[in-house]
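If you read the protein sequences in the order shown, they are chains Z and S. Each residue of the first sequence is one higher than the one before, counting from 1 in the numbering used here. Each residue of the second sequence is one higher than the one before, counting from 1001 in the numbering used here. Report on the structure given below.
2 protein chains.
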Amino acid sequence: MDAARPPLRERKKLRTREALIDTALDLFTRQGFTRTTLDELCYAVEVSKRTFFRNFVNKEDVAMAPTQDLWAAFLDELRVRDPDGRPLMEMLQETLLSALERMTADGWASRVVLSRNLAAATPSMNAHGLDFCDRTTRAALAIVHDRFDIADPDDVRPRLALDILVAAFNKALEKWASRSGAPSRADLGADLRDTFAAIPGSLTLTVGPRSPEPPARPASI
Amino acid sequence: MDAARPPLRERKKLRTREALIDTALDLFTRQGFTRTTLDELCYAVEVSKRTFFRNFVNKEDVAMAPTQDLWAAFLDELRVRDPDGRPLMEMLQETLLSALERMTADGWASRVVLSRNLAAATPSMNAHGLDFCDRTTRAALAIVHDRFDIADPDDVRPRLALDILVAAFNKALEKWASRSGAPSRADLGADLRDTFAAIPGSLTLTVGPRSPEPPARPASI
DNA sequence: TACGTTTATGCCACTGAGTGGCACTATGGA
DNA sequence: TCCATAGTGCCACTCAGTGGCATAAACGTA
């Protein structure tokens, strides 16, 4: 009896789920999202459309599973993390990075890249991806309010911090996906750290007009 | 001959467009978004479904028009604004505030509140709303890169600044929509300023654990 | 007033996503 | 061996969204 081995029924269910994800990423990438019908996908996986919708809430959902795994781990981690008196923003960043460390499933990085590129190319997938980020942000906010000491329940700062975290994540994902070579989790971690480091500068960055006029007054706050 | 009076054809088109928006906001609010079919809406406005889709890209779009007007004005304003050596973030905030000043159409504020509340209550509308923000962000980023002097074209800071602006806007919108009484543009402006002011603090906000440390105050909300 | 051109609209048939209902089968427990 | 239960397949249905083509209204011109 293996503890890490759930009953057969669940294993089977998980296998069809993974087959749907892999086949969907493959078909969507090769043929395009809209040009691939669900009937086609279900036929390829030998599953009824009804079964598809028992596993995923909509057509977009199946292709976003890899990224969703990361954010689920983020929320798990956030539920147990120790604040230890450092800025919330910093803690959120570290929480995301340790969630990333947990993404050890085989080929996860490759699937995330496929998923992201599809989202970038498909309006409706982009929309659903953003919606997922939004719902995750709210869930995280609830955890933060529940576990940490925040005087004013209407304080907008925690929410902004989470939004900024997500914005940085998406930007880092974009950078990482455009790298050449096989995608690796370590590289994503590096891109995340770089992007996090750029956050404070985004509030103070000063720009002048472009080329026609010379910069009248460079950096001053 | 009135200069501010476009040809009859365009006026008619605009009128059906506005009728669709107003009727949609009304029906969606009263009956719910999903429980209102497009056939129903088109029947009420006495327009064919084909005409609906010539005016709006999808069912969600019609209910987001009021907010889209604001962001269109924001982009217009951004195309002509003078950077004058202040931080980009500050300039973006002021640009949005002056775009807001231009929203003088009758009942605009009320429509925005309806629109926002619908988005908050309807997952697919929320998703499309976020997608619209994202596309607007990209458009704004293109303008910023085109008009202002940014050394590195891959600099993530302008993008982050825009994302933060949008996050603050959405948060301010939420606060404003929950106010009691008739919604006013001035109140939205005030909520925007408040939220903008909270941005720097969101990066440095420090939190401790909830119940254990502080005085004997039980952890009930 | 008569004319052609342009532009918006109506109508109709069609694809495909997503749902509800019910019967069927495989798993796991007694 | 039998039964309860979870998961699946099948079928019919609703409704969003599209393509094509004919029509009508608006505008310019003679």
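Note that the Cβ used here is the ideal one computed from N, Cα and C, for glycine as well. From a predicted model like this one, the values you see are computed outputs, not experimental measurements.
Would you mind telling me which residues of chain Z sit closer than 9 Å to residue i, beta carbon to beta carbon, in chain order?
i: Gly1208(S); result: Pro83, Asp84, Gly85, Phe148, Asp149
Rounded to whole angstroms, what is the Cα-Cα separation between residue i and residue j?
i: Asp39(Z); j: Asp22(Z); result: 16 Å
i: Leu1141(S); j: Gly189(Z); result: 25 Å
i: Val57(Z); j: Ser1124(S); result: 12 Å
i: Asn55(Z); j: Gly129(Z); result: 17 Å
i: Ser1048(S); j: Thr1136(S); result: 30 Å
i: Thr122(Z); j: Ala167(Z); result: 19 Å
i: Asn1126(S); j: Ala44(Z); result: 32 Å
i: Phe196(Z); j: Ser1202(S); result: 14 Å
i: Arg1050(S); j: Met64(Z); result: 32 Å
i: Asp1154(S); j: Val156(Z); result: 30 Å
i: Leu27(Z); j: Thr36(Z); result: 7 Å
i: Pro1158(S); j: Asp194(Z); result: 15 Å
i: Val62(Z); j: Gly1181(S); result: 43 Å
i: Ser1184(S); j: Val1144(S); result: 30 Å
i: Ala1024(S); j: Leu1041(S); result: 6 Å
i: Arg1015(S); j: Leu1008(S); result: 10 Å
i: Asp1134(S); j: Gln31(Z); result: 25 Å
i: Glu1174(S); j: Ala1120(S); result: 9 Å
i: Ala1186(S); j: Asp1149(S); result: 33 Å
i: Ala99(Z); j: Trp71(Z); result: 8 Å
i: Leu1078(S); j: Arg86(Z); result: 37 Å
What residue from the options has the CA that sits closest to residue i's CA?
i: Leu162(Z); options: Pro123(Z), Met89(Z), Ser110(Z); result: Met89(Z)
i: Leu1097(S); options: Arg1030(S), Asn1117(S), Ala1172(S), Lys1059(S); result: Ala1172(S)
i: Asn117(Z); options: Gly201(Z), Leu20(Z), Thr29(Z); result: Thr29(Z)
i: Phe33(Z); options: Thr16(Z), Arg11(Z), Glu60(Z), Glu10(Z); result: Glu60(Z)
i: Leu165(Z); options: Leu192(Z), Lys13(Z), Asp155(Z); result: Leu192(Z)
i: Ala1109(S); options: Leu1041(S), Ala1151(S), Asp1069(S); result: Asp1069(S)
i: Arg102(Z); options: Ala119(Z), Pro66(Z), Ser115(Z), Val113(Z); result: Pro66(Z)
i: Phe169(Z); options: Ser180(Z), Phe74(Z), Thr37(Z), Lys13(Z); result: Phe74(Z)
i: Glu46(Z); options: Arg17(Z), Trp71(Z), Met91(Z); result: Arg17(Z)
i: Ala1151(S); options: Leu205(Z), Ala19(Z), Arg147(Z); result: Leu205(Z)
i: Leu92(Z); options: Leu160(Z), Val113(Z), Leu20(Z), Gly107(Z); result: Leu160(Z)
Starting from residue i, find everything on chain S with Cβ-Cβ shorter than 7 Å and list it in chain order.
i: Arg159(Z); result: Lys1171
i: Gly201(Z); result: Arg1157
i: Ser163(Z); result: Note on identity: in this sequence residue 163(Z) is Asp, with Ser being the wrong assignment. Here the neighbours are Ala1167.
i: Ala198(Z); result: Val1156, Arg1157, Leu1160
For residue i, go through chain Z and note every residue whose CB falls closer than 8 Å to its CB, in chain order.
i: Ala1139(S); result: Here the premise fails: no neighbours, minimum Cβ distance about 14 Å.
Check the DSSP bridge columns for residue i and list the partner residues they point to.
i: Pro209(Z); result: Phe1148(S)
i: Pro1087(S); result: Thr206(Z)
Just to make sure I have the definition right: I need the residues of chain Z whose C-beta is within less than 7 Å of the C-beta of residue i. Which are they?
i: Asn1126(S); result: Asp131, Asp134
i: Thr1204(S); result: Pro87
Anything in chain S within Cβ reach of residue i, meaning under 8 Å, just list it in chain order.
i: Met64(Z); result: Under the 8 Å cutoff, chain S gives no residues; its nearest Cβ is about 12 Å from Met64(Z).
- Item | Three or more C-beta pairs below 8 Å linking the stretch 196–211 of chain Z and the stretch 1071–1088 of chain S | The stretch 196–211 of chain Z, when compared against the stretch 1071–1088 of chain S, does touch it at the 8 Å Cβ threshold.
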